[in-house]
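See below for the structure under consideration.
2 protein chains.
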Amino acid sequence: MATRTDAPTRREQILKEAARLFAERGFHGVGVDEIGAAVGISGPGLYRHFAGKDAMLAELLVGISDSLLTGAKRRLEEADGVAPEAVLDSLIEGHIDFALDDRPLITLHDRELDRLRDADRKLVRQLQRQYVELWVEVVREVYPELAEPAARSAVHSVFGLLNSTPHLARPGSLPGRGATAELLHRMARGAFAAAGAR
Amino acid sequence: MATRTDAPTRREQILKEAARLFAERGFHGVGVDEIGAAVGISGPGLYRHFAGKDAMLAELLVGISDSLLTGAKRRLEEADGVAPEAVLDSLIEGHIDFALDDRPLITLHDRELDRLRDADRKLVRQLQRQYVELWVEVVREVYPELAEPAARSAVHSVFGLLNSTPHLARPGSLPGRGATAELLHRMARGAFAAAGAR
DNA sequence: CAGCGAGGTTAGCGGTCGTTAACCTGAAGG
DNA sequence: CCTTCAGGTTAACGACCGCTAACCTCGCTG
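Just so you know, the protein sequences line up as chains A and B, in that order. With the UniProt record's numbering applied, the first sequence covers 1 to 198. With the UniProt record's numbering applied, the second sequence covers 1 to 198.
Right, dumping it as structure tokens:
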């Protein structure tokens, strides 16, 4: 809910570094001292900005889910009246951008969910579910012969495909961001098409 | 390397439960007391069977990688002279069987690799690399116009697709194992086909 | 039947980790 | 110039965790 205009605040620095470290070594594998060191302060200084380690993870995961859902909703509104195929392309493009630009977050997104308090976990799951249902609707418009459970499975599987980016490029050996995005896009469409075939 | 004929030994019980717990709560999130309790003994009794918690994870991850690679090699040998498409189908089928039957292991496989000692991690990575290269070769036989880096990316992405099964069925709400396997198979082929298209 | 090894048990040590307490400091404001 | 307060610091506490030590108890086997 922040206005999000200025240079990165301390809170945002912390969240960014925490995301990277959590993705690298897992939530339980990172100590608060390490997170502090990553932003130049040390240890308990973090507690001036967050209630605790759990709160950082919660804010990260809620932020991811919310951002994905909000972006998808925006894309659906912008594309009003256009062909369902184009809407699906837009959803895929948005998800790929996210997966390529915020790899640590994508990694956390389906890896550390169970480390949340009940309330936060429920919220994140609800946002995720809305995101999935939104995709399912669009997919079923493009492939009407696809039953709903199969469509949902297909959407989850395509997420798995798109979220595989962290496994791809260790340094920068992959054939460029644009080419990777295009390859992923084509494969996602191909997977959906194959799922929707009789 | 065990002969693997009799009823499950204690070691195997422990490995199975440890895999489940590691997949559910992460390596650092599970205590040895919990693993012990899951097999009816408690705490340090595990040290009669394993050198330590790390050793359990190592044996699990090496076992997974080795099993995947060995299975793939066997499938390649069995299918000698048949069409490359059939070989690819066989590889996909094997991977799906594994993903559906050993979900905790598939989850661990790309999640807890960094928690290993250097020697074990190198071994696992080597096995994984061989497995990937084996797929890449077959994929490039089926789609010769696909450049090698793109083929490797495509293989990783399809692994992401196939390994998404843990996210699918919480209870047993999915449309049956057979239907799920078939859907995944079709989607994988569709993804490869789209990757290989000009 | 003595003995012995496999496979348990409980107690406890040493280290780590999240968190709190108490204190410091420099910049803004009346 | 004094106060305040945001944003740090270090010390330390309590809990937990991996692992070891010491001990127990069977079921074999010579």
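Heads up, the beta-carbon is just placed ideally off N, CA and C, and yes, glycines get one too. Because the structure is a prediction, the values reported are computed rather than measured.
Item: Within-9 Å CB hit, R111 (chain B) to chain A; Value: yes
Item: Local conformation of D102 (chain A) per DSSP, three classes; Value: coil
Item: Reduced DSSP secondary structure (H/G/I, E/B, other) of S164 (chain A); Value: coil
Item: Start and end residues, alpha helix (DSSP H) containing R121 (chain B); Value: D118 to V142
Item: Proximal chain A residues relative to M187 (chain B), where beta-carbon distance stays under 7 Å; Value: A154, S157, A191, A194 and A195
Item: Three-pair Cβ contact test at 8 Å for the segment 97 to 108 of chain B versus the segment 56 to 68 of chain B; Value: yes
Item: Chain-ordered residues of the segment 112 to 123 of chain A with a beta carbon less than 8 Å from chain B; Value: E112, D114 and R115
Item: Segments assigned alpha helix (DSSP H), at least 4 residues, entirely inside the segment 45 to 110 of chain B; Value: 53 to 78, 84 to 101 and 103 to 109
Item: Cβ shell of A23 (chain B) (< 6 Å), same chain only, five flanking positions each side left out; Value: P104, T107 and L108
Item: Within chain B, partners of L161 (chain A) - CB distance below 8 Å; Value: S157, V158, G160, L161, S164 and A191
Item: Residue-chain proximity (P175 (chain A), chain B), Cβ-Cβ < 9 Å; Value: yes
Item: Interface flag, G26 (chain A) vs chain B, CB-CB below 9 Å; Value: yes
Item: Cβ pair R115 (chain A), G29 (chain B) closer than 9 Å; Value: yes
Item: Chain A within 9 Å of G29 (chain B), Cβ atoms only; Value: yes
Item: Within 9 Å, strictly: CB atoms of L113 (chain A) and R129 (chain A); Value: no
Item: Coil, strand or helix - P149 (chain B) by DSSP; Value: helix
Item: Min CB distance T9 (chain A) to chain B below 9 Å; Value: no
Item: 9 Å Cβ cutoff, F180 (chain B) in contact with chain A; Value: The residue asked about is misnamed: residue 180 (chain B) is Thr in this sequence, not Phe. Yes - at least one Cβ of chain A is within 9 Å of the one on T180 (chain B).
Item: Collapsed DSSP secondary structure at I35 (chain A) in the structure displayed; Value: helix
Item: Beta-carbon contacts of F98 (chain A) that lie in its chain and below 7 Å, excluding the five residues immediately before and after; Value: L68 and I106
Item: Expected contact under 8 Å - CB spacing of L183 (chain A) and S153 (chain B) to nearest Å; Value: 6 Å
Item: Cut-off 7 Å between Cβ atoms - residues of its own chain near A181 (chain B), not counting five sequence neighbours on either side; Value: I96 and L100
Item: Proximity winner among B:D33, B:A197, B:A7 and B:K73, relative to L146 (chain B) (alpha-carbon distances); Value: B:A197
Item: Alpha helix (DSSP H) segment containing T9 (chain A), residue limits; Value: Taken as a continuous stretch (DSSP letters only), T9 (chain A) belongs to no alpha helix (DSSP H), as it is neither H nor E.
Item: Straight-line Cα distance separating A58 (chain A) from L123 (chain A); Value: 10 Å
Item: First through last residue of the alpha helix (DSSP H) which encompasses A169 (chain B); Value: That residue, A169 (chain B), is in no alpha helix (DSSP H); it is neither H nor E in DSSP.
Item: A150 (chain B) beta carbon less than 9 Å from that of A179 (chain A); Value: yes
Item: Local Cβ density within 10 Å of E85 (chain B), reported as buried at 16 or more and exposed below that; Value: exposed
Item: Neighbourhood of A188 (chain B) by C-beta, 7 Å cutoff - its chain only, sequence neighbours within 5 removed; Value: I92, V158, L161 and L162
Item: T40 (chain A) classed as buried or exposed, judged by whether at least 16 other C-beta atoms fall within 10 angstroms; Value: Checking the sequence shown, residue 40 (chain A) turns out to be Gly, not Thr. Exposed is the call here.
Item: Residue nearest to R186 (chain B) in terms of C-alpha spacing, selected from B:L134, B:L88 and B:I35; Value: B:L88
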